[in-house]
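A.B. asks: Numbering (my numbering), first residue to last: 53 to 455.
Every residue gets a Cβ at the ideal spot worked out from N, C-alpha and C, and that includes glycine.
The structure is given below, and queries will be raised subsequently.
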């Protein structure tokens, strides 16, 4: 395995570990702080859902606004300086979160800063595209997805334990998350090499013209559009599951985290190992199609299965579908994007994911106010769009025959 791939793997793992520790706390803490805020109207489930959704969506809103800029900046100035800057922000956000236990406004500010730091994911994918050839790219993207998944494997249970240790307060959680981010900053500074040669990006005006042309290319537009829809569907799970598990399953944070850890472990195994064996045989397109086929029925069933075996089986199947789809899609996007604009294209791709996670928390939490099952049935219906899209449409990357 190439040394730069190992380096970016560890960078993304630490980044996601820092972010993952907050996941067990944000949904329930936002709900508590919204109910305590005297300046907000109380007793209206729709309003409660909207403000909880806003609190969760702020992270992705910040990502959405900065990711294209970070991607373009990394094309011009290099990946490493952008990663250093975002890792610095990733230290500040959790420190603020540590002291958000009594203030909804402080929680919002922490989410915005941490979200700006999270805008670097597209840069990381572009880094991998820089240092791999097309033959090895899907497997390398799978390793990056595995690093992403491992952060979510270890982060949520650690965050749950820190919340319990701290008597329900976020101080320990925020400080430990900031420590991981600080470790990541040092790691990037001392160990991560630059992946782009100086002057290898297109001039700004030409690049923007080329990007506009790239989005008129049917394959890239299809991939990006269906990615957005799939991300929007999955966000309904991501932003309500701790509430569902608390209200329906009567789980505590740690028990809920273990279900999501199962999803993360399976996705990491698939992305980091299985996909490297299967992809050369069946191809990225078929992996992508099968990955999305798995997800819709599992999402629909989640509010209706009872612990523990059906819940874990569903988590395994969901992790498998996600683990197959994400790296396959990233590899296809990288092949469809012009080389000199990969950072910008991956930034736009990440922004579409962020946009889905901006809109999703609102629709998910308003739907949850009607019924805990509603977000999951809605998510399953939405997931049918990319499922049918990838089954129906034929698409090709430049220089290929349509398959």
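1. Less than 6 angstroms between C-beta atoms, sequence neighbours within five positions excluded: which residues of the same chain meet that for residue 355?
2. In whole angstroms, give me the CA-to-CA distance for residue 116 and residue 334.
3. Within the segment 309 to 345, note down every full alpha helix (DSSP H) run reaching 4 residues or more, in order along the chain.
4. If you draw a straight line from the C-alpha of residue 235 to the C-alpha of residue 351, how long is it?
5. Pull up the CB-CB distance for residue 438 and residue 319, whole angstroms please, since I reckon it's below 8 angstroms.
6. Buried or exposed: residue 97, going by 16 or more other Cβ atoms within 10 Å of its Cβ?
7. Take residue 327 and list the residues in its own chain whose beta-carbon comes closer than 8 angstroms to its own, dropping the five residues that flank it on each side.
8. Quick one: what does DSSP say residue 130 is sitting in, helix, strand or coil?
9. Using three-state DSSP, classify residue 258 as helix, strand or coil.
10. Beta-carbon within less than 7 angstroms of residue 119's beta-carbon, same chain only, minus the 5 sequence neighbours each way: which residues are those?
11. For residue 200, count neighbouring C-beta atoms within 10 Å of its own C-beta (all shown protein chains included) and say buried if the count is 16 or more, exposed if not.
12. Pairing CB atoms from the segment 101 to 112 with CB atoms from the segment 78 to 86, are three or more of them under 8 angstroms?
13. By the three-class DSSP mapping on this structure, what secondary structure does residue 208 have?
14. Measuring CB atoms only, is the segment 200 to 213 touching the segment 298 to 314, in the sense that at least three cross pairs come out at less than 8 angstroms?
15. Taking all protein chains shown into account, decide if residue 248 is buried (16 or more other Cβ within 10 angstroms of its Cβ) or exposed.
16. Can you tell which of 142, 135, 221 and 286 has the C-alpha that lies nearest to the C-alpha of residue 433?
17. If you reduce the DSSP assignment to three classes, tell me which class residue 294 lands in.
18. For residue 384 and residue 331, which I take to be in contact (beta-carbon distance under 8 angstroms), what is that distance rounded to the nearest angstrom?
19. Would you say the segment 220 to 233 touches the segment 145 to 160, given that touching needs at least three Cβ pairs under 8 angstroms?
20. As an exercise, report each continuous alpha helix (DSSP H) stretch of at least 4 residues that is fully enclosed by the segment 162 to 194, in chain order.
21. Nearest chain D C-beta to residue 277 closer than 8 angstroms, yes or no?
22. Tell me which residue opens and which closes the alpha helix (DSSP H) that residue 435 is part of.
23. Quick check: what's the CA-CA separation for residue 126 versus residue 316?
24. Is residue 279 close to the ligand FAD? I mean its beta-carbon at under 7 angstroms from any heavy atom of the ligand.
25. Going by DSSP, what residue range makes up the alpha helix (DSSP H) through residue 83?
26. Does DSSP put residue 145 in a helix, a strand or coil?
27. Note down, in chain order, each residue of its chain lying with its Cβ closer than 8 angstroms to the Cβ of residue 373, except the 5 sequence neighbours on either side.
28. Determine the contact status of residue 184 and residue 135, defining contact as a CB-CB distance below 8 angstroms.
29. Rounded to the nearest angstrom, what separates residue 389 and residue 152 at their Cα positions?
30. Is the Cβ-Cβ distance between residue 123 and residue 417 less than 8 angstroms?
31. May I have the straight-line CA-CA distance separating residue 55 from residue 131, to the nearest angstrom?
32. Distance check for residue 161 and residue 187, CA to CA, integer angstroms please.
33. On the premise that residue 71 lies in contact with residue 203, defined as a C-beta separation below 8 angstroms, what is that separation, rounded to the nearest angstrom?
34. Could you tell me how far apart the beta carbons of residue 421 and residue 100 are, in whole angstroms, since I believe they sit closer than 8 angstroms?
35. For residue 69, I'd like the list of residues in its chain whose CB is within less than 7 angstroms of its CB, leaving aside the five on either flank, ordered along the chain.
36. Which residues in the same chain as residue 218 place their Cβ atom closer than 8 angstroms to its Cβ, once the five residues preceding and following it in sequence are excluded?
C.D. replies: Well, looking at it:
1. 424, 425 and 428
2. 33 angstroms
3. 327 to 334
4. 36 angstroms
5. With a Cβ gap of about 17 angstroms, residue 438 and residue 319 do not count as contacting.
6. exposed
7. 190, 191, 194, 339, 375, 376, 379 and 380
8. coil
9. At residue 258 the pLDDT is 45, less than 50, meaning the model places this residue with poor confidence; the figure from the coordinates comes in the next sentence. Residue 258 falls in the helix class under three-state DSSP.
10. 171, 174, 399, 402, 403 and 406
11. buried
12. yes
13. helix
14. yes
15. buried
16. 286
17. helix
18. Contact doesn't hold; Cβ gap of about 11 angstroms is too wide.
19. yes
20. 173 to 183
21. This model lacks chain D altogether; it includes just one protein chain.
22. 426 to 444
23. 29 angstroms
24. In the structure shown, the ligand FAD is absent, as is every other ligand, since no ligand is present at all.
25. 75 to 88
26. helix
27. 342, 343, 344, 345, 346, 347 and 350
28. no
29. 41 angstroms
30. no
31. 16 angstroms
32. 43 angstroms
33. 7 angstroms
34. 6 angstroms
35. 203, 206, 207 and 232
36. 224 and 225
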